[in-house]
Amino acid sequence: MKKTILFSVIFTVLAAVSFCAFAVSPAQKPKLLEIKIVGPDSVPENTQSIFCVVAVYDDGSEVEVTADADVKVVSDECKVLNLGGIVETFKLKKPQKQFTICANYRSLEAQKPVTIFADKK
Numbered sequence: 005m006k007k008t009i010l011f012s013v014i015f016t017v018l019a020a021v022s023f024c025a026f027a028v029s030p031a032q033k034p035k036l037l038e039i040k041i042v043g044p045d046s047v048p049e050n051t052q053s054i055f056c057v058v059a060v061y062d063d064g065s066e067v068e069v070t071a072d073a074d075v076k077v078v079s080d081e082c083k084v085l086n087l088g089g090i091v092e093t094f095k096l097k098k099p100q101k102q103f104t105i106c107a108n109y110r111s112l113e114a115q116k117p118v119t120i121f122a123d124k125k
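Note that our numbering numbers the sequence shown so that position 97 is 101, with each residue one more than the last.
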């Protein structure tokens, strides 16, 4: 009889502990779905423009991750400064030029086409 009562008590305690552990366990971290580059579609020559890399999660949240992302441009008319999302454009030889800004974050990639236009002074 004592063994049966002891077994019942142990079973009840284990069940209660398991339930409490499940009830207070932290929610699952949201899953990263994609990244996107936010910024202007066109920028004037000889300026600095800010672009941000934003991580989009499956719970609908968005987090700015520019500082942790690898941001690049492939163009002779502009460059990314060491600060991350700042793109500096140079003097154009033509009225306008298009380039693509690229970002990588946690194995995800994003691209954004941007047009540089000549300052009409």
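The beta carbon of each residue, even a glycine, is placed where N, CA and C say it ideally should be.
Of the candidates F103, E113, I39, the residue whose Cα lies closest to the Cα of G64 is I39. Secondary structure note for Q102: its beta strand (DSSP E) is the uninterrupted segment 100–109. The three-state reading of DSSP puts A73 in coil, since its state is none of H, G, I, E or B. Residue environment for V67: exposed (fewer than 16 other C-beta atoms within 10 angstroms of its C-beta). A direct Cα-to-Cα measurement between S79 and A31 gives close to 44 Å.
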